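Just so we're aligned, residue 77 is where the sequence shown starts under the working numbering, counting upward by one. Note that CB positions come from ideal geometry on N, CA and C, so glycine has one too. The structure displayed is predicted, hence computed values, not measured ones. Report on the structure given below.
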Amino acid sequence: MNARMIQGDLDAIFADVSRRQRHGLIVAGVGFAVLGWAFAYGGAFDLRRYGDALPTIVQLAGDAMPPDFSRWTQWGKPLLETLAMSVAGTALAAIAAMPLAVLAARNVVRQPWLGEPVRLALNGIRSVPGLIWGVMFVAAVGFGPLPGILALATHSTGMLAKLFAETLEHVDPAPGDAMRSHGVSRVGVLRFSVLPQILPRLVDVTLYRWEHNLRAATTLGMVGAGGLGLEVITAFHLFEYQEASALIIVLLGLVTGINVAGGFVRGRFLGGASR
77 MNARMIQGDL DAIFADVSRR QRHGLIVAGV GFAVLGWAFA YGGAFDLRRY
127 GDALPTIVQL AGDAMPPDFS RWTQWGKPLL ETLAMSVAGT ALAAIAAMPL
177 AVLAARNVVR QPWLGEPVRL ALNGIRSVPG LIWGVMFVAA VGFGPLPGIL
227 ALATHSTGML AKLFAETLEH VDPAPGDAMR SHGVSRVGVL RFSVLPQILP
277 RLVDVTLYRW EHNLRAATTL GMVGAGGLGL EVITAFHLFE YQEASALIIV
327 LLGLVTGINV AGGFVRGRFL GGASR
């Protein structure tokens with residue numbers, strides 16, 4: 077009897093494993109088929125289109141060398157505009173995203189009539205590209221860094237709120253439950269259980285979004301939001317490729333500086349929070 081029961085359990089286990097393997101193969105096959113269709117539809121398999129690609133890239137790179145920094149004294153204001161847009165846009169987004177993330181987190185707000193509209197609104201906000209938000213805010217408040225700040229803040233709010241909500245949903249409730257069983261208040265649970273779990277992730281995604289917004293602030297120059305982006309676009313329109321390459325190098329240096337500053341802030345902030 078025991079032998080038959082063991083054999084039955086083994087057969088059930090093998091059947092489940094086989095079913096999972098078939099399911100995995102089907103999913104993988106569908107995934108590869110979708111990827112193949114995407115590449116084919118985009119013309120990636122048309123080898124004739126690659127014929128002049130490398131010579132063109134080499135020619136453009138040659139035209140952009142050496143970088144022309146002769147107008148560097150006029151780049152201070154655009155540089156500060158780009159930096160201001162990224163900092164202010166990220167800060168506004170982080171402030172707005174936190175309460176929205178609490179409402180969107182399924183383990184915090186369990187009422188669908190409240191959580192679902194918030195999640196739907198956040199999906200809508202981040203589905204609109206930043207350039208479109210830029211066009212809208214340029215039309216609303218005029219040219220300059222302000223529409224760039226508002227565009228970055230709006231789009232980043234949708235992204236950060238989603239990431240913050242997912243962070244909240246992955247909080248381990250066991251430490252908090254243990255604290256509550258010993259009479260710790262909700263504020264104490266938040267301070268000693270929830271915050272240590274979510275703080276590293278919140279800081280990481282916010283700093284990453286700041287780096288992203290710095291690059292996005294450059295593209296917003298295309299729609300009149302000022303900054304280095306306007307200088308780069310103008311240089312390309314005038315076929316001043318050497319000046320454009322110099323501006324790109326300046327932007328690269330700014331992004332590198334923010335990476336270093338972000339690492340310092342992450343280390344200091346999280347180090348202080350863990351003590």
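Asked	Found
With burial defined as no fewer than 16 other Cβ atoms inside 10 Å of the residue's Cβ, what is the status of lysine 238: buried or exposed?	buried
Alpha carbon to alpha carbon, how far is glutamate 242 from valine 204?	21 Å
In terms of alpha-carbon separation, which member of Ile133, Trp113 and Gly234 lies closest to asparagine 199?	Gly234
Is the beta carbon of glycine 210 sitting closer than 7 Å to the one on alanine 229?	no
Tell me the rounded alpha-carbon separation between valine 326 and histidine 313.	19 Å
Compute the minimum distance between the beta carbon of isoleucine 334 and the heavy atoms of the ligand PLP, and state whether it is under 6 Å.	The ligand PLP is not part of this structure, which contains no ligands at all.
Are three or more beta carbon pairs between the segment 304–318 and the segment 136–150 nearer than 8 Å?	yes
Can you find the residues in the same chain that come closer than 7 Å, C-beta to C-beta, to isoleucine 334, ignoring five residues on each side of it along the sequence?	Trp286, Glu287 and Leu290
In the DSSP assignment, find the alpha helix (DSSP H) that holds tryptophan 151 and state where it starts and stops.	Run containing tryptophan 151: none; DSSP gives neither H nor E here.
By a C-beta neighbour count over all protein chains shown, 10 Å radius and 16 as the cutoff for buried, is isoleucine 89 buried or exposed?	exposed
Quick check on arginine 195: buried or exposed, where buried means 16 or more other Cβ atoms within 10 Å of its Cβ?	buried
Between threonine 295 and leucine 207, how many whole angstroms is the CB-CB distance? I'm expecting something under 8 Å.	7 Å
Can you give me the C-alpha to C-alpha distance between glycine 165 and glutamine 273, rounded to a whole angstrom?	26 Å
Let me know if leucine 304 comes out buried or exposed under the rule of 16 or more other beta-carbons within 10 Å of its beta-carbon.	buried
In this structure, how does DSSP classify glycine 112 when only helix, strand and coil are distinguished?	helix
Out of curiosity, what's the CA-to-CA distance linking serine 94 and arginine 277?	37 Å
So, at 7 Å on beta carbons, what are the nonlocal neighbours of valine 232 in its own chain, with the 5 sequence-adjacent residues on each side left out?	Checking the sequence shown, residue 232 turns out to be serine, not valine. Around serine 232: Gly165, Thr166, Ala169, Arg285 and Asn289.
Alpha carbon to alpha carbon, how far is alanine 180 from glutamate 192?	7 Å
Let me know if glutamate 245 comes out buried or exposed under the rule of 16 or more other beta-carbons within 10 Å of its beta-carbon.	exposed
Quick check on valine 103: buried or exposed, where buried means 16 or more other Cβ atoms within 10 Å of its Cβ?	exposed
So the candidates are Ala322, Ile133 and Tyr117; which of them puts its Cα closest to the Cα of serine 146?	Ala322
Using three-state DSSP, classify methionine 298 as helix, strand or coil.	helix
Just to confirm before moving on: does the CB-CB distance between threonine 149 and alanine 293 stay below 7 Å?	no
Give the range of the alpha helix (DSSP H) segment to which glutamate 245 is assigned.	221–245
Using a beta-carbon distance below 7 Å, is alanine 322 in contact with chain D?	Any reference to chain D falls outside this structure, which holds one protein chain only.
Alpha carbon to alpha carbon, how far is glycine 302 from leucine 155? Give it in angstroms, no decimals.	10 Å
So glycine 118 packs on arginine 125, CB below 8 Å; how close in whole Å?	Actually they are not in contact, since the Cβ atoms of glycine 118 and arginine 125 sit about 10 Å apart, beyond 8 Å.
For glycine 338, I'd like the list of residues in its chain whose CB is within less than 6 Å of its CB, leaving aside the five on either flank, ordered along the chain.	Leu283
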